[in-house]
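K.L.:
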Amino acid sequence: MLKLVILLIPILFLFQTSIFSNSYNKQIARLDNEYIQTYKGRDGRWVQPYYLTSSFKTVMKRFGTSEKEVKQINEIPEDGHLPLRGAIFFPFSRDYMKKLFNQGKGRKMIESDVRELIWPIGTSSRYVSITSRLGMRNLGKLAMHKGIDIACKRGTPILAANDGIVEIAGENGNFGLAVLIQHKFNNLKTLYAHASSLVVKKGDFVKKGQIIALVGNTGHSTGHHLHFEVRYRDIVLNPEHYFTPPGQEYDEKVVMHEKLLD
Numbered sequence: 115m116l117k118l119v120i121l122l123i124p125i126l127f128l129f130q131t132s133i134f135s136n137s138y139n140k141q142i143a144r145l146d147n148e149y150i151q152t153y154k155g156r157d158g159r160w161v162q163p164y165y166l167t168s169s170f171k172t173v174m175k176r177f178g179t180s181e182k183e184v185k186q187i188n189e190i191p192e193d194g195h196l197p198l199r200g201a202i203f204f205p206f207s208r209d210y211m212k213k214l215f216n217q218g219k220g221r222k223m224i225e226s227d228v229r230e231l232i233w234p235i236g237t238s239s240r241y242v243s244i245t246s247r248l249g250m251r252n253l254g255k256l257a258m259h260k261g262i263d264i265a266c267k268r269g270t271p272i273l274a275a276n277d278g279i280v281e282i283a284g285e286n287g288n289f290g291l292a293v294l295i296q297h298k299f300n301n302l303k304t305l306y307a308h309a310s311s312l313v314v315k316k317g318d319f320v321k322k323g324q325i326i327a328l329v330g331n332t333g334h335s336t337g338h339h340l341h342f343e344v345r346y347r348d349i350v351l352n353p354e355h356y357f358t359p360p361g362q363e364y365d366e367k368v369v370m371h372e373k374l375l376d
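Throughout, the numbering used here is defined as the position within the sequence shown, counted from one, plus 114.
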């Protein structure tokens, strides 16, 4: 019976969305990447201090920021210490942003329907691959795998697949550090599991393409990857039916690359 539900629901869901096929509602989304991310209106990057190979002072100098700025944006008391666990946001100076843009590392702007999900990984497709798909699998015992696994290096940005409200952000059993987002359209929810650090909290509103976590290996996991699920009223759907993975069709959605305004 479970197998029948999993097969039928995507068909019904596609039929539901086809009703709106003539009312395409365009949305331009800016996709955070491994070089530039946004937090509280500032451009910068989330850094995991535990894995740094250089000092905080060296990182601040490279990014053109100060300890005062870093503490302010991360809400750390002036007399407090920068934590060695989790993730810290380091804002960039204008000069450092200009340097990144000159190197072609600006973020992509893509056009999509407001109901459409996007690929939830913020890095080049050369560095990622789907290693496990939705369906039954045998890892010592036969069990249903309710999403897809996307292998990528630790610390890779995990992006919100669409606008929504964060319902869960924290430790979640076998999922390890995980985020669950309730989306406005079509009653969809998306789950992002096994993160090394989370950069959102319960109740946050997130935008399509916004960084929400960093890839990791927490919970019941055998390697760094993102476990990604799509749910419709708590019924699992095949994520590959609801987004375009990187490739020619995905690249056609890119309308421009971000530029630095004078």
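Where is the CB? At the ideal position from N, CA and C, for every residue including glycine.
1) When you compare the CB positions of A327 and I272, do they come within less than 8 Å of one another, or not?
2) I need the straight-line Cα distance from R251 to E192, nearest angstrom please.
3) Taking Cβ to Cβ, would you say Q296 is nearer than 8 Å to E281?
4) Any beta carbon from chain C within less than 8 Å of T179's own beta carbon?
5) Reducing DSSP to helix, strand and coil, say where E181 ends up.
6) Please classify K355: does DSSP put it in a helix, a strand, or coil?
7) Taking I279 as the reference, which of I262, K298 and V228 has the closest Cα?
8) For G261 and E225, what's the separation of their Cα atoms in angstroms?
9) Out of K182, R221, F170 and Y165, state which residue places its alpha-carbon closest to the alpha-carbon of N147.
10) Considering Y210, what are the terminal residues of the alpha helix (DSSP H) in which it resides?
11) May I ask you to list the residues that DSSP assigns as paired with F204?
12) Suppose the cutoff is 7 Å on Cβ atoms and the five residues either side in sequence are ignored; what does the same chain contact list for R156 look like?
13) Within its chain, find whatever has a CB closer than 7 Å to the CB of Y356; leave out the 5 residues flanking it on each side and keep chain order.
14) Rounded to the nearest angstrom, how far is the Cβ of D263 from that of T245, given a contact under 8 Å?
P.N.:
In this structure, then:
1) Residue 327 sits at position 213 when you count from the first residue of the sequence shown. Residue 272 sits at position 158 when you count from the first residue of the sequence shown. Result yes, Cβ atoms of A327 and I272 sit closer than 8 Å.
2) As a first step, residue 251 must be located in the sequence shown, where it is residue number 137. As a first step, residue 192 must be located in the sequence shown, where it is residue number 78. Separation of R251 and E192 (C-alpha to C-alpha, rounded to the nearest whole angstrom) is 51 Å.
3) Start at 1 with the first residue of the sequence shown, and residue 296 comes out as number 182. Start at 1 with the first residue of the sequence shown, and residue 281 comes out as number 167. In contact: Q296 and E281 (Cβ atoms closer than 8 Å).
4) No chain C appears in the structure shown, which is made up of a single protein chain.
5) What you label residue 181 is simply residue 67 of the sequence shown in a count that begins at 1. E181 falls in the helix class under three-state DSSP.
6) For the purposes of this step, residue 355 is identified with residue 241 of the sequence shown, where counting begins at 1. Per the sequence presented here, residue 355 reads as His, with Lys not at that position. Three-state result, H355: helix.
7) Indexing the sequence shown from 1 puts residue 279 at position 165. Between I279 and the set I262, K298 and V228, the nearest pair of CA atoms involves K298.
8) For the purposes of this step, residue 261 is taken as residue 147 along the sequence shown, with counting starting at 1. For the purposes of this step, residue 225 is taken as residue 111 along the sequence shown, with counting starting at 1. Between G261 and E225, the alpha-carbon positions lie close to 25 Å from each other.
9) Here residue 147 refers to the residue found at position 33 when the sequence shown is read from its first residue. Answer by Cα proximity: R221.
10) By one-based count along the sequence shown, residue 210 stands at place 96. From DSSP, the alpha helix (DSSP H) with Y210 extends over R208 to N216.
11) Here residue 204 refers to the residue found at position 90 of the sequence shown. In DSSP, F204 forms a bridge with R159.
12) Counting from one through the sequence shown, the residue named residue 156 turns up at place 42. Its chain contains I187 and P205 as the residues whose beta carbon lies nearer than 7 Å to that of R156, once the 5 sequence neighbours on both sides are disregarded; these appear in chain order.
13) Residue numbering aside, residue 356 sits at position 242 when the sequence shown is read from its first letter. Hits under 7 Å: L231 and V344.
14) Counting from one through the sequence shown, the residue named residue 263 turns up at place 149. Counting from one through the sequence shown, the residue named residue 245 turns up at place 131. Right, their Cβ atoms sit about 5 Å apart.
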